[in-house]
Amino acid sequence: MITVAYLLIGCALLLVTGRLLYGPSLSDRIVALDMLSFIAVGLIAIYTVATKSAVMLDAAMVLALIAFLGTVAFARFVERIRPQKENATPATSTSLAPTRGARNDADHTRPRESTAR
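Count the sequence shown with our numbering and you get residues 1 to 117, in order.
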C-alpha cells in the first residue's frame, strides 16, 4: 500500500513539474511551486507512516508553513504588478475615462447606500 502511495505521489510530482516548467503564466507557476512543496509534505508523511517514526513530522509542518507564507508573499507581489500593467495605456490613446484619483463631483453629492439590512 505504501508503494502505491509513492507511485501516485511520483505521478503528481511529474505533472506538477511540467506545469512549473511550461506554465503559461506566473500564477500557474506559483501554484505549481506551492503544490510541489505540499507533495514534499506528502512524501514526508508517507515516509513517517512507512518507518513508524514521528521524527520527520516537525519538518513536514515547518515546510507546509513556509510554503503557505511563500504563496501569500508571491500573491502580494503579483497583486502589486498587475494593477500597473492594467492601468497602463498607450500614448496614442484618446480615452476620455477619468484617471485614477480624479474627482467626480456627482459621486460626492450622492448619499451613500447602506449595506446593512
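Think of the CB as a built atom: it goes at the ideal place given N, C-alpha and C, for glycine as much as any other residue.
Excluding the 5 residues preceding and the 5 following residue i in the sequence, name in chain order all residues of the same chain whose CB lies nearer than 7 Å to its CB.
i, result
"D34", "A67 and T71"
"G23", "R29 and A32"
"A154", "There is simply no residue 154 to check, as the chain begins at 1 and stops at 117 in what is shown."
Excluding five sequence neighbours on each side, which residues of the same chain lie with their C-beta closer than 8 Å to the C-beta of residue i?
i, result
"A59", "I44"
"L63", "S37, A40, V41 and I44"
"L20", "R29, A32, L33 and L36"
On the three-state DSSP scale, how would you describe residue i?
i, result
"S53", "coil"
"S37", "helix"
"S27", "helix"
Under a Cβ-count criterion, where at least 16 other Cβ atoms within 10 Å of its own Cβ denotes burial, should residue i be classed as buried or exposed?
i, result
"V16", "buried"
Taking 9 Å as the CB-CB cut-off, is residue i touching chain D?
i, result
"G70", "Going by chain labels, chain D is absent from the structure shown, which holds only one protein chain."
Following the continuous alpha helix (DSSP H) through residue i, name the residue where it begins and the one where it ends.
i, result
"G18", "I2 to Y22"
Going by C-alpha to C-alpha distance, which of the options sits closest to residue i?
i, options, result
"V41", "M61, A75 and P24", "M61"
"L14", "I39, P24, E79 and M1", "I39"
"F74", "R19, A32 and I46", "A32"
"I81", "L26, V4, G18 and A12", "L26"
Just to confirm, does residue i get its C-beta within under 8 Å of one of the non-hydrogen atoms of the ligand FMN?
i, result
"P24", "Among the components of this structure there are no ligands whatsoever, and the ligand FMN is therefore not found."
Can you list, in chain order, the residues of its chain with a C-beta nearer than 6 Å to that of residue i? Leave out the 5 residues immediately preceding and following it.
i, result
"L36", "V16"
"T51", "none"
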